[in-house]
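Be aware that the sequence shown starts at 1, since it is given in UniProt numbering, and climbs by one per residue.
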Amino acid sequence: MQHNLSRLRGFTLLELLVVLGIIALLAGIVGPQVMKHMGASKTKAAKVQIEDLSAALDMYKLDEGRYPTQQQGLSALVIKPTDAKRWNGPYLRKEKVPQDPWMIDYHYVYPGQHGSFDVFSYGADETEGGEGEDQDINSWE
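Structure representation (structure tokens):
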């Protein structure tokens, strides 16, 4: 009877090592797939935010007759510039200019090289070019 009780008390070290090995194997297989999709979702989120910023800039232009200057930047969408006469903002829902998914401010160029204005993010690496999560996301493509 004592022999049966000692057997029911817990797992052996070998059993625990086998279970930990299986968990590590699964994490090694599943982890990279999850990270790949997470990076792609950040890129998609940045594209949506740039589209929202572009729409807000267009609304600003409808009211003011021009886009914000380079010096005013995107903050003109939430804070009335001193020279604005018909400003009807804030033009963004949360009343603040969002940062990209990597917590970096979006770049705004006016007048733009690719359109009336350029809004872009350099991606996770904050350098021009790149692939995957490091790719540039912009308002003109």
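Glycine included, C-beta positions come from ideal geometry on N, C-alpha and C. Remember, it's a predicted structure, so these values are computed and weren't measured experimentally.
{"Query": "Spatially closest choice to N88 from G73, I29, D63, D105, by CA coordinates", "Result": "D63"}
{"Query": "Burial state of S139, where buried means 16 or more other Cβ atoms lie within 10 Å", "Result": "buried"}
{"Query": "F11 burial status per 10 Å Cβ neighbour count (16 or more: buried)", "Result": "exposed"}
{"Query": "Straight-line Cα distance separating V97 from V70", "Result": "According to the sequence provided, residue 70 is Gln. The question's Val does not apply to it. Each residue's alpha carbon lies about 15 angstroms from the other."}
{"Query": "Candidates Y91, Y67, R93: closest to D83 by CA position", "Result": "Y67"}
{"Query": "CA-to-CA distance, D105 to E126, given in whole angstroms", "Result": "10 angstroms"}
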